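Residue numbers for the sequence shown follow the numbering used here, so the first one is 986 and each next one is one higher.
Here the structure is laid out as structure tokens; the discussion comes afterwards.
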Amino acid sequence: MAPPRISLEQWRALAAVVEAGGYAQAAVRLNKTQSTISYAVRQIEQRLGVTVFEIAGRRAVLSASGQVLYRRGRALIDEAERVEKTADNLARGQEAELNLAVEILFPTWLLLRCLECFAAEQPETRIELHESMLGGTDELLAERRVDLAVCTEVPPGFTGDRLAPVRFIAAAAPFHPLHQLGRPLTMNDLRDHRHLVIRDSGIRRTRPAAWLVTERRLTVSHKATSIRAACMGLGFAWYAESIIKEELECGALKALPLVEGAERWGALFLVYADPDAASPGVRRLGRIISDAVGGMIVATPTRGPDPGQGPGAAPA
986 MAPPRISLEQ WRALAAVVEA GGYAQAAVRL NKTQSTISYA VRQIEQRLGV
1036 TVFEIAGRRA VLSASGQVLY RRGRALIDEA ERVEKTADNL ARGQEAELNL
1086 AVEILFPTWL LLRCLECFAA EQPETRIELH ESMLGGTDEL LAERRVDLAV
1136 CTEVPPGFTG DRLAPVRFIA AAAPFHPLHQ LGRPLTMNDL RDHRHLVIRD
1186 SGIRRTRPAA WLVTERRLTV SHKATSIRAA CMGLGFAWYA ESIIKEELEC
1236 GALKALPLVE GAERWGALFL VYADPDAASP GVRRLGRIIS DAVGGMIVAT
1286 PTRGPDPGQG PGAAPA
């Protein structure tokens, strides 16, 4: 088999020119001279017999061939970095830092117990926690900014293990006007009141918010703000039952008597950013989370219809 005509460093040079916006910027990013970057790109063109950049006005832009080569070259660079990361993890045995994304419908108390358990076993490992929502989790996984994620949907291109069903219930403060109607409610009743929505934490926001039923909305960034707003009577929302357990028990929130849609079902999944490269520490944290969720299900049986039939949606 013939050796590759283009080196990984040359692919890195091409990617840097595209991503940084020019040869000079790429040279700064890679800490090389501009002539070195230009030479690397010329070598790609000459050895492969293609034109990578074309002149459009006063700017050099990727040609059609260049776009294909950039995408494939970027994939090679990413794969090489994953291989190196895998080797580093195997060599260290115990990593210095783990990055974890958890969608905010996951019970905070349970997450903290998992992190406490992991810290007791591996006290020297730092944990960077991202409390994310919808497309924000997808982006963290796609960009390999996290090693592991707990999410409501498995993003395209990834595989995940189902952790648990999630029951969502529509709720509001007991003194909210919807509870004062004294009768079963319809979706039309909700349209005259404020819907508390938790914002997608992704930059691109590719996933639409779920279950929007009215144009009257208060959109916030975190579940704690939404729950507090509901307790103050500022609106209603569908919440994962496990995250408002205390509010329901003490009477700060009360389930809305909806004729239809009072409860909805979703699911939680455990997803590794790169299963092959997952270090022992990442695997251990994943097992701790799986075991903790399993214990919670045993302690609190799910109610209602088969949760496996419901949509994997996030709270809104």
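Where is the CB? At the ideal position from N, CA and C, for every residue including glycine.
Note that the coordinates shown come from a computational prediction; the quantities given were computed from them, not determined experimentally.
Check whether residue i and residue j have beta carbons under 8 Å apart
i: K1230; j: A1157; result: no
i: A1237; j: C1216; result: yes
i: L1175; j: V1151; result: no
i: A1225; j: V1131; result: no
i: T1110; j: G1266; result: yes
i: Q1028; j: Q995; result: yes
i: A1065; j: V1026; result: no
i: R990; j: R1032; result: yes
Three-state secondary structure assigned by DSSP to residue i
i: D1259; result: coil
i: E994; result: helix
i: P1300; result: The predicted position of P1300 is uncertain, since its pLDDT is 49 and thus under 50; a value taken from the coordinates is nonetheless stated next. Three-state result, P1300: coil.
i: V1013; result: helix
i: H1207; result: coil
i: L1114; result: strand
i: R1180; result: As written in the sequence, residue 1180 is His, which differs from the Arg given in the question. H1180 falls in the strand class under three-state DSSP.
i: L1166; result: coil
i: R1272; result: helix
i: T1285; result: Summary for T1285: the model assigns pLDDT 43, below 50, so the residue's position carries little reliability, and this model does not support an answer.
i: A1000; result: helix
Whole-angstrom C-beta distance between residue j and residue i, which should lie under 8 Å
i: V1087; j: E1116; result: 6 Å
i: T1144; j: A1252; result: Wrong, their Cβ atoms sit about 15 Å apart, outside the cutoff.
i: H1180; j: A1222; result: 7 Å
i: S1275; j: L1255; result: 6 Å
i: T1201; j: H1164; result: The question names Thr, but residue 1201 is Arg in the sequence shown. Not a contact, Cβ separation roughly 17 Å.
i: L1015; j: V1035; result: That belief does not hold up - the Cβ atoms of L1015 and V1035 are roughly 22 Å apart, past 8 Å.
Beta-bridge pairing of residue i - partner residues as DSSP gives them
i: S1264; result: Looking at the DSSP assignment, S1264 forms no beta bridge with any residue, so it has no partner.
i: L1253; result: A1149
i: K1239; result: A1157
i: A1222; result: A1156
i: C1136; result: F1254
i: E1248; result: I1154
i: F1038; result: L1047
i: R1130; result: According to DSSP, which records beta bridges pairwise, R1130 is partnered with nothing at all.
i: R1202; result: H1180
Exercise for the section: Only counting runs of 3 or more residues, tell me where the beta strand (DSSP E) segments fall wholly within the region 1040 to 1107, in order along the chain. Expected result: Within the region 1040 to 1107, the complete beta strand (DSSP E) runs of at least 3 residues are 1044 to 1047 and 1082 to 1088.
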